[in-house]
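These notes are about the structure you will find just below.
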Amino acid sequence: MKLTHTDLTRGNIFSQLVKLSLPIMATSFMQMAYNLTDMIWIGRVGSGAVAAVGTAGFFVWFGNALLFSTKIGAEVNVSQSLGRQDLEAAAGYGRSSFRLAFLLSAAYGLFLVAGAKALMGFFALGVDNGYDVTA
């Protein structure tokens, strides 16, 4: 597969924005379709299962938000470095972002494993639904 170089800063602004936004919109659509299909299948088990999955999903979404902070910071700094033609600084920002994301994900994972019962108990789903969301 041959890699091609696309410069989104040249040419018609509208067509460049469309080229940039279509893959992003397609990805969002696929994620929504996946989540909808997931809820339909889990809904067949019962409302307690939907509540358990939705509650546990909160922690996944929160983790994503936490890790996106490193991604967004790196994107800004890498973009500015590339604009200055400073490839060494761009690579440094990328490495730093990767390290920080790894450390944050490890710490967050340990936090979730260690506090699973307490964190899920915070939502007071009750045990009468028969689902142990911390299993």
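Numbering (the numbering used here), first residue to last: -12 to 122. Heads up, the beta-carbon is just placed ideally off N, CA and C, and yes, glycines get one too.
Simplified DSSP state of Gly102, which is helix, strand or coil: In this structure, Gly102 counts as coil in the three-state DSSP scheme.
Where Gln18 sits in the DSSP three-state scheme: Three-state result, Gln18: helix.
Selection from Met26, Val47, Lys(-11) and Phe46 that minimises the alpha carbon distance to Val37: Minimum Cα distance to Val37 is reached at Met26.
Reduced DSSP secondary structure (H/G/I, E/B, other) of Pro109: Contrary to the premise, residue 109 reads as Phe rather than Pro in this sequence. Assigned with DSSP and collapsed to three states, Phe109 falls in coil, not helix or strand.
Straight-line gap, Ala52 to Leu91 (C-alpha atoms, nearest Å): So the two alpha carbons sit approximately 11 Å from each other.
Integer-rounded CB distance, given that Phe46 should sit under 8 Å from Leu106: That belief holds up - the Cβ atoms of Leu106 and Phe46 are roughly 7 Å apart, short of 8 Å.
Beta-carbon proximity of Thr57 to Ala88, cut-off 8 Å: Between Thr57 and Ala88, the gap from beta carbon to beta carbon is short of 8 Å.
For Gln67, the first and last residue of its enclosing alpha helix (DSSP H): Per DSSP, Gln67 belongs to the alpha helix (DSSP H) from Ser34 to Gly70.
With 16 other Cβ atoms within 10 Å as the buried cut-off, status of Tyr80: Taking all protein chains shown into account, Tyr80 has 16 or more neighbouring C-beta atoms within 10 Å of its C-beta and is therefore buried.
For Asp73 and Ser83, the rounded distance between their alpha carbons: If I take the Cα positions, the gap works out to 16 Å.
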